[in-house]
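Participant:
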Amino acid sequence: MKQQKPAHLRNVIAHIVLIILSFMCLFFFYILIINATRSHADLQKGFSALPGNAFITNLKNIANDGTFPMFRGIVNSLIVSVSSAAICTYFSSLTAYGLYAYDFKVKKVAFTFIMAILVMPTQVTAMGFLRLITKMGMYDSLLPLIIPSIASPAVFYFMYSYLQSSLPISLVEAARIDGSGEFRTFNQIVIPIMKPAIAVQAIFSFVGTWNNYFVPALVIQSKDKMTVPILIATLRGADFMNFDMGKIYMMITVAIVPIIIVYLLLSKYIIAGVTLGGVKE
Amino acid sequence: MKRKWIAMLLTAAVAAGTLTGCGSSGADSGTSGEEGKVINIYTWNNEFRERVELIYPEVEKTSEDGTVTTLKDGTEIHWIVNPNQDGVYQQKLDEALLKQADAPADEKVDIFLSETDYVNKYTDADADVAMPLTDLGIDPDADLADQYEFTKTTASDVNGVQRGSTWQCCPGLLVYRRDIAKDVFGTDDPEAVAEKTKDWDTLKVTAEELKAKGYYTFASYADTFRLYGNNIAQSWVAPGETSIKVDPMIMSWIADSKEWLDAGYLNETVKGQWNDDWNKAMGSQSKVFAFLFPAWGIDFTLKPNWDGESGAWAVTTPPQEYNWGGSYIHACTGTDNPEHVKDIILAMTADKDNLLKISKEKADFTNTKSGMQEAASDNSFASEFLGGQNPFTYFAPVAENIKIAPLSAYDQGCVELIQNSFSDYYQDKVDYDKAKANFETAIRERYPDVTEVVWPQ
Amino acid sequence: MKKKSKSISYAKWGYIFILPFFVSFFIFSLIPLIDTIRYSFFEYYRSGIKEIGPNFIGMANYAELLKSDMLKYGGNTLILWLIGFIPQILVALLLAVWFTDIRMKIHAKQFFKVVIYLPNLIMASAFAMLFFTMFSTNGPVNEILMSMGLTEKAIDFMGTVGGTRSLIGLMNFLMWFGNTTIMLMAAIMGISVDIFEASDLDGCTGLQRFFYITLPQIRPILAYTLITSVIGGLQMFDVPQILTNGQGNPDRTSMTLIMFLNNHLKSRNYGMAGALSVYLFIVSGILCFFVYKMTIDDDPDGSKAAAKKKAKEERRRR
């Protein structure tokens, strides 16, 4: 009895805290979606908790605006984010595995080096990056937004920690005895074991790339290659910001819906990954 | 201060019928054999495109998303639109200009637009990115004789060579709410109200009257800026110098704004322009009596934000003549379509019939002295939004009196940053000297070549 | 003999596996970094559309920056980061413990997990824009507060230093606490169940268990969270930039280092931006060195221990 009461109280507090936090998280989405359904004139009258009836109008205004090709932007963002998430998780796992499972001369140096560059803010190299991209003829293309994610020190670090806790070297050795080639071992044995970590990092990386503004804003010049954040930012400077807030809200809504869908689809994976993380050496 | 100068007309459907049969068509002939197939036009909104569609006789059609306009001879106009705010437009334009020499013919910039705030940067004689009009075969003295003189000066370099031309000029007025005028003064007659707003001293007395009834005279301290800022006697940076000289006129704006805000004549919750609070100040729930706007401001900013009946607003003379904005059309050095460019510039800025049509359909105050005098007395130019008042009657005399302030390539940054830096001072967040120091810091970040800031005694 | 040749071939695989990472890094980060550093010694900017420089001026850019308000912006960045990070890590720890505690019966656990992660998905720029409209003096939040009678006059949230900073902190908190919770949960669930069972048998209280088992066990992930958050904090840009319209108002108290950098990049002052980048690079290096030392002090380099362990095993096997 003594034990039960505080536990019960703790439960109640936990629920209250969770409900407050959830409310804070959802409140903004709620306002966003409500405002996306209201016309500018409605919005001028002040805030209302009920949706308006301009949803279709706002959506049409977006779809027909060639100056802000939002749907094209979503496609671009999807291409960049999916490719980045894929190559970033794959190559980070590869690098982590390479440093974890093999013994070679520069191993220590390499590891320390990656840990050192982990802290380097992207913005620091932005200027030189832009000049380099221009010289390589990749200015105004999506490639420079994708390829550099091969080297993602933070993802590497996560993968490395995960390998340490989840991949017994004996497993690799067993595979070798079975005559499995190194690449095959990696792709067919290591990757499945790392699946949970890959799922978690894939979504983080997807979201990170999807929301990245700084680099694309430097690299992308033409309208048909713009990603969603650039469009949102240019939108903020657009003249109709002054007289069509409904359209603005709708555009933000359209910009975040795909990512929410992807998230809801993958969220099970993440939670599964979390539970799988319990497997220890 | 983010300054967007004419808002684009999203909802305006340009009737296909209006595209045909009007005005003098320029040379669409022989030389076009050497002309490129694509005319690239850099601009920041749909305003220019809509006007070209409205009056340029060579226009065949525009694609549904508004990015390509096809001319009758098969040439395509590609519209490269980037927003003005945060310097995005200029950044993209500058990139393109730097690559102009090496760009393939179809990617060369042919025409670009600039605003009064930074026109000087592009008409610079040394930079030579905007072609002198005479090189195109346009004689400013003959072909552009009917334009307002100050617009020609504005688009000229230090040697007096004109490197751009505009279809509009932007004399400003005072736009007020009729219901508030009736409530406070007992009348909404523009002549009577003009008496109450004729100069700053009178306006201050009027502001007290308005305040007594719970109204604000203007929304924000930024609203009055153009009246001072566009009447400065010396340019922010003198040609060839690297020091910023703050004009005494700016100092009086700072002093007056502080006084007005402290006195409660301005709405202290509206901080600057072009934000949601400012937009709401134009709505029916607002207690703001008046705004200071040129023609474009009334049509593209005030109108969409007004949620009441039309006819609720009226215009009258401002306490001081001023000019606000203006988009200049430049032929870009290196264009492969000089004939088309010349033709478009002439059709857009030198043809009185075309300009009057723009005034009628798009409510711009256009760049034709004789045309605007006609419009001033022609009641078919009356505005429904202004309750049947003909705004041109009020605009025309202001335009005659505009003396354009001396420009420099640093204007945009100075105008933006002085407003930002002193915004904190108005709200008592920093003291006067700190605000000055903040302006100096910010301006040096923006323009690395600025060596000092000189404040008037 | 056979064994030896085999181990050499394995080493080769190690090089092959880490090659893509390093090639990509050298091309896309190191070359640009060197370029950036090089220009930091030059006077190189654009005036209007004319390019000035590059003229070699030695350390002048660095000296100029030291005289500017750079340190103040560094302080701003630190404060803004702390305002967001402290609640973020505390709440995340609390939630992670609750979610993984089998004795707690949390209903709709899945729902809460999904919801708290949601704000992380919305892009920072859009989120900041949303906050800007919502917390403006005539915005919905003030309207709600006034209609509920909580305040008589509209609160000028963004007019005060504390207000603006709190809003930025709140946004960072909302965007990241869900993410951190999930990371920490992963770590806590990675702790062997045996340890918890043993502690239960020993009569450990919840608090004891938290401080003596959970915290030490999840230290690597805590370090990871801290490091990524420090980097993120140092790079803080979108949120304050958009909320304050790039001005860092009031009185530049919300101006972060990257906003400062952005101002120089915007005016095409490559030399000054380069010098500032170098400072940032050094600062981030120092910061992370400390974090590193602080969190993994008994094993300053995880790889060393791992390598040693493995080398020992190898040797034993041979």
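Residue numbers (the numbering used here), protein chains in the order written: chain W, 1 to 281; chain V, 282 to 738; chain L, 739 to 1056. For every residue, glycine included, the Cβ atom is placed at its ideal position computed from N, Cα and C. The structure presented is a predicted model; accordingly, all values stated were derived computationally and were not measured.
Using a Cβ-Cβ cut-off of less than 8 Å, give me the residues of the segment 112 to 128 of chain W that come near chain L, in sequence order.
Facilitator: Thr112, Ile114, Met115, Ala116, Ile117, Leu118, Val119, Met120, Pro121, Thr122, Gln123, Val124, Thr125, Ala126, Met127 and Gly128
Participant: Applying a beta-carbon distance threshold of less than 8 Å, which residues of chain L neighbour Cys25/W?
Facilitator: By Cβ distance, chain L contributes Val853, Ile854, Leu856, Pro857, Leu912 and Gly916.
Participant: Would you mind giving the Cβ-Cβ distance between Tyr609/V and Leu394/V, rounded to the nearest angstrom? I have them listed as a contact below 8 Å.
Facilitator: 6 Å
Participant: Please name the residue in Trp577/V, Glu681/V, Glu522/V and Gly615/V whose C-alpha comes closest to that of Val734/V.
Facilitator: Glu522/V
Participant: Closer than 8 Å between beta carbons: that is the criterion. Which residues of the segment 32 to 44 of chain W meet it against chain V?
Facilitator: His40, Ala41 and Gln44
Participant: By the 8 Å beta-carbon criterion, what residues does the segment 53 to 81 of chain W contribute toward chain V?
Facilitator: Under the 8 Å Cβ criterion, the segment 53 to 81 of chain W contributes Asn61, Asn64, Asp65, Gly66, Thr67 and Pro69.
Participant: Return helix, strand or coil for Trp587/V, following the three-state DSSP convention.
Facilitator: coil
Participant: Using a Cβ cut-off of 7 Å, pull out every chain L residue sitting near Asn701/V, in sequence order please.
Facilitator: Gln985
Participant: Check whether the Cβ of Thr227/W lies closer than 8 Å to any Cβ atom in chain L.
Facilitator: Thr227/W does not count as touching chain L.
Participant: Which one of Arg957/L, Pro770/L and Thr918/L has the shortest CA to CA distance from Ser1015/L?
Facilitator: Ser1015/L has its Cα closest to that of Pro770/L, out of Arg957/L, Pro770/L and Thr918/L.
Participant: Here's a check: name, in chain order, each residue in its chain whose Cβ is nearer than 7 Å to the Cβ of Cys1026/L, leaving out the five neighbours to either side.
Facilitator: Ile965 and Val968
Participant: If we define contact as Cβ-Cβ less than 8 Å, is Thr253/W a contact residue for chain V?
Facilitator: no
Participant: Can you check whether the C-beta of Gly877/L is within less than 8 Å of a C-beta belonging to chain V?
Facilitator: yes
Participant: Which of the three DSSP states, helix, strand or coil, is assigned to Cys613/V?
Facilitator: strand
Participant: Specify the secondary structure class of Val551/V as computed by DSSP and reduced to three states.
Facilitator: In the displayed model, Val551/V falls within coil according to three-state DSSP, outside both helix and strand.
Participant: Classify Leu905/L as buried or exposed, calling it buried when 16 or more other Cβ atoms lie within 10 Å of its own Cβ.
Facilitator: Burial call: buried.
Participant: Have a look at Leu171/W, Ala202/W, Gly179/W and Asp140/W and flag the residue whose alpha-carbon is nearest the alpha-carbon of Ile150/W.
Facilitator: Ala202/W
Participant: Are three or more beta carbon pairs between the segment 500 to 511 of chain V and the segment 568 to 580 of chain V nearer than 8 Å?
Facilitator: yes
Participant: The beta strand (DSSP E) with Ser785/L in it runs from where to where?
Facilitator: Phe780 to Ser785
Participant: Could you please give the first and the last residue of the uninterrupted alpha helix (DSSP H) stretch that includes Asn604/V?
Facilitator: Segment: none, Asn604/V is in no alpha helix (DSSP H) and carries neither H nor E.
Participant: Between the Cα of Thr838/L and the Cα atoms of Thr919/L, Gly752/L and Met974/L, which residue gives the shortest distance?
Facilitator: Thr919/L
Participant: Which one or two residues does DSSP pair with Tyr457/V in a beta bridge?
Facilitator: Ala571/V and Ala595/V
Participant: Report the start-end ranges of each beta strand (DSSP E) in the segment 690 to 731 of chain V that is 3 residues or longer and not cut off at the edges.
Facilitator: Listed in chain order, the beta strand (DSSP E) elements of length 3 or more contained wholly in the segment 690 to 731 of chain V amount to none.
Participant: Assuming Tyr1017/L contacts Leu803/L (C-beta within less than 8 Å), just tell me the rounded distance between them.
Facilitator: Rounded to the nearest angstrom, the Cβ distance from Tyr1017/L to Leu803/L is 7 Å, consistent with a contact under 8 Å.
Participant: Can you give me the C-alpha to C-alpha distance between Thr597/V and Tyr509/V, rounded to a whole angstrom?
Facilitator: 18 Å
Participant: Under 6 Å Cβ to Cβ from Ile795/L, same chain only, skipping five residues before and after it: list those, please.
Facilitator: Glu781
Participant: What residue does the alpha helix (DSSP H) around Thr209/W start on, and which one ends it?
Facilitator: Ile191 to Asn211
Participant: Whose C-alpha, out of Ala864/L, Asn799/L, Arg957/L and Leu831/L, is nearest the C-alpha of Leu981/L?
Facilitator: Ala864/L
Participant: Is there contact here, the segment 84 to 94 of chain W with the segment 174 to 181 of chain W, by at least three beta-carbon pairs under 8 Å?
Facilitator: no
Participant: Quick check: what's the CA-CA separation for Ser446/V versus Tyr213/W?
Facilitator: The alpha-carbon atoms of Ser446/V and Tyr213/W are separated by roughly 36 Å.
Participant: Please classify Ile19/W: does DSSP put it in a helix, a strand, or coil?
Facilitator: helix
Participant: Just the chain W side, please: which residues come within less than 8 Å of Pro385/V by C-beta, in chain order?
Facilitator: Those do not exist, as Pro385/V stays about 14 Å from chain W at its closest Cβ, beyond 8 Å.
Participant: Which of helix, strand or coil does DSSP assign to Leu118/W?
Facilitator: Leu118/W falls in the coil class under three-state DSSP.
Participant: Which residues in chain W sit within 8 Å of Thr348/V, going by Cβ to Cβ distance?
Facilitator: Gly66, Thr67 and Lys223
Participant: Under DSSP, the alpha helix (DSSP H) around Ser395/V begins and ends at which residues?
Facilitator: From DSSP, Ser395/V is part of no alpha helix (DSSP H) but of the beta strand (DSSP E) over Val390 to Glu396.
Participant: Following the continuous beta strand (DSSP E) through Tyr323/V, name the residue where it begins and the one where it ends.
Facilitator: Val319 to Thr324
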